[in-house]
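Chains as they are written, first to last, in the numbering used here: chain A, 3 to 315; chain B, 3 to 315.
Every residue, glycine too, gets a C-beta built ideally from N, C-alpha and C.
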């Protein structure tokens, strides 16, 4: 499990390869919540998501010989694009195993960053990845359990706390838990009196139930949520980090997620994907607790097809 | 006509009342244009547009006695909301004359900032404004001809050049010309070797024809453009400032405007209203000239109802 020293090392390693994203404020939001809110805009990050941080830390953290053999992952989302981006930055091969059900636009995006894509049946994903890893000697970079990835994700909160040190509360979305775990480690080191919250769609509430029961619950299968980046189950090391740092999970409904994403678009003029908008939905649901607090929220990404946007007539 | 000293004074006056907006970069855009582009995000400004700068400078530039009587303007767009915002910040009355054809949502926005709204027939706008100004002793703040407004708008380019000094070219949209004139004055003072460009919809190309002929051309009436913030004619003092500083106007078609606004949304994850997106459309149309150049573009605002967004099916 990672420590804050790993986050510090990640920050030094990825500097120049990722954006130092802006922190935005919005008076309308502050009035609504009776609090001061600072939005760390990872939607404005390279590849449109915080995933660029972890992927760059993993790729640039490899020894030269291993790096030369390349990196591999399985992902249908932002991590695949992020790893492809990082590999191209270092000039090493990258292979992304994607389900053959993945939208063509996502496959094209990963290829656009210069990676090789192997399509397979979703059920065969692990077997195909393992075989390719064996055959090519590539390093597997897990989307949210790789320690270098988790440490890299923690650098967003590091920058946020450098810019706004006196926060009372920091909230991130939770899916596999890499962002939330990296954030919890960082906040515990730099601002131990601040609470760390995690926002999770009710439809896939395994993290909430895992922390409530103290036993990691399996991924919810077959659910539907606009938070497509949060459908995965909470990773084992992240579960332990979230428990250790007393992270509180707040679950949110689909209508609240859409309303939050719409608020970002209409009022803050930024594109936040529904997975990222869960943090605002969560804050709204606990608004009575927030009076006078200083809140950091990590907006995880901005990659969306706008299918959630209320249709115009 | 304003000088750079007025812009400097404006910057000091409005500090704390407006955002210092972020400057974003995008590798995809740099690759496409073969240049380095720096986007000054006035879409992330208070009230969603650079207009907050000029309005704050005008309101905070008033003597106490005049300020106490309040400010007045006629506007169906961002300037009305911006003046209302500035007046509330100073705690003085604000009255906005709006055409009775204005969308209810815009009227509500201005009222939401605490201003009184008077609706009238668009043809009677000037007469109604003059009468109210007389009756109430309010100060009229013209949307783009007031010198304090023009100087305030110049502070966006001032911040941009503070952050990225070595620009070869700066581009803004042009409608009434306040933003472009303020930018031209600032660039001439801080970076005289840089060219200043203005982007204008072909449908309302009076600025282009004014500068081409050396005679200010009347506003184009009855035209239609997605660039609803740019439908007004070029103001007299701004015309002279644009001529004096050799500003070059690049006109752009409607499809190019929509494509540019869509690019901002999908690739840069920010909401840029079509008027603001004209700058990217203009750069694309002169791409062969841009190789290796460092370009600042001022994204003027983010207030839009997304009617231009290609419909989903």
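Check	Outcome
Short Cβ contact (9 Å threshold) for residue 80(A) with residue 16(A)	no
Min CB distance residue 53(A) to chain B below 9 Å	no
Identified DSSP bridge partners for residue 118(B)	97(B)
Rounded C-alpha distance that separates residue 91(B) from residue 71(B)	15 Å
Rounded C-alpha distance that separates residue 220(A) from residue 112(A)	29 Å
As assigned by DSSP and simplified to three states, the class of residue 304(B)	coil
Partners in chain B for residue 45(A), counting only beta-carbon separations shorter than 8 Å	271
Contacting residues, own chain, Cβ-Cβ under 8 Å from residue 128(B) (five flanking each side not counted)	76
Contact set for residue 102(A): own chain, Cβ-Cβ below 7 Å, skip 5 residues either direction	121, 122, 123
CB contact below 9 Å: residue 311(B) versus chain A	yes
CA nearest to the CA of residue 298(A), picked from 25(A), 236(A), 6(A)	25(A)
Beta-carbon spacing of residue 212(B), residue 241(B) below 9 Å	yes
Reduced DSSP category for residue 4(B) - H, G, I as helix; E, B as strand; rest coil	coil
Minimum Cβ-Cβ distance from residue 300(B) to chain A less than 9 Å	no
Counted within 10 angstroms of its Cβ, other Cβ atoms place residue 3(B) as buried (16 or more) or exposed	exposed
Proximity below 9 Å, CB of residue 44(B) to CB of residue 302(B)	yes
Exposure label - residue 223(B); buried when at least 16 CB within 10 Å	exposed
Cβ shell of residue 89(A) (< 6 Å), same chain only, five flanking positions each side left out	61, 73, 96
Expected contact under 8 Å - CB spacing of residue 155(B) and residue 55(B) to nearest Å	6 Å
Interface partners of residue 24(B) on chain E, CB under 7 Å	As a matter of chain content, chain E is missing from the structure shown, whose protein chains are A and B.
Residue 278(B): contacting residues in chain A (beta-carbon distance under 9 Å)	The premise fails here: residue 278(B) is roughly 10 Å from chain A at the closest Cβ pair, so nothing lies under 9 Å.
Distance between beta carbons of residue 283(A) and residue 201(A), contact taken as under 8 Å	7 Å
Residue 33(B) burial status per 10 Å Cβ neighbour count (16 or more: buried)	exposed
Neighbouring residues, chain B, relative to residue 50(A) (Cβ below 7 Å)	271
Nearest-angstrom Cα separation, counted from residue 27(A) out to residue 150(B)	26 Å
Helix, strand or coil at residue 27(B) [DSSP, three-state]	coil
Short CB-CB distance (under 9 Å) between residue 62(A) and chain B	no
Chain A within 9 Å of residue 247(B), Cβ atoms only	no
Whole alpha helix (DSSP H) elements within the region 150-201 of chain A, 4-residue minimum	180-192
Pairwise C-alpha distance: residue 158(A) and residue 98(B)	42 Å
Same chain, Cβ closer than 6 Å to residue 255(A), five either side skipped, listed in chain order	204
Within-9 Å CB hit, residue 334(B) to chain A	Only positions 3 to 315 of chain B appear in this structure, which leaves residue 334(B) out of reach.
Residue-level contact to chain A via CB, residue 189(B), 9 Å cutoff	no
C-beta neighbour in chain B for residue 274(A), strict 9 Å	yes
Beta-ladder partner(s) of residue 41(B), from DSSP	26(B), 299(B)
Outcome for residue 161(A) when other beta-carbon atoms lying within 10 angstroms are tallied against a minimum of 16	buried
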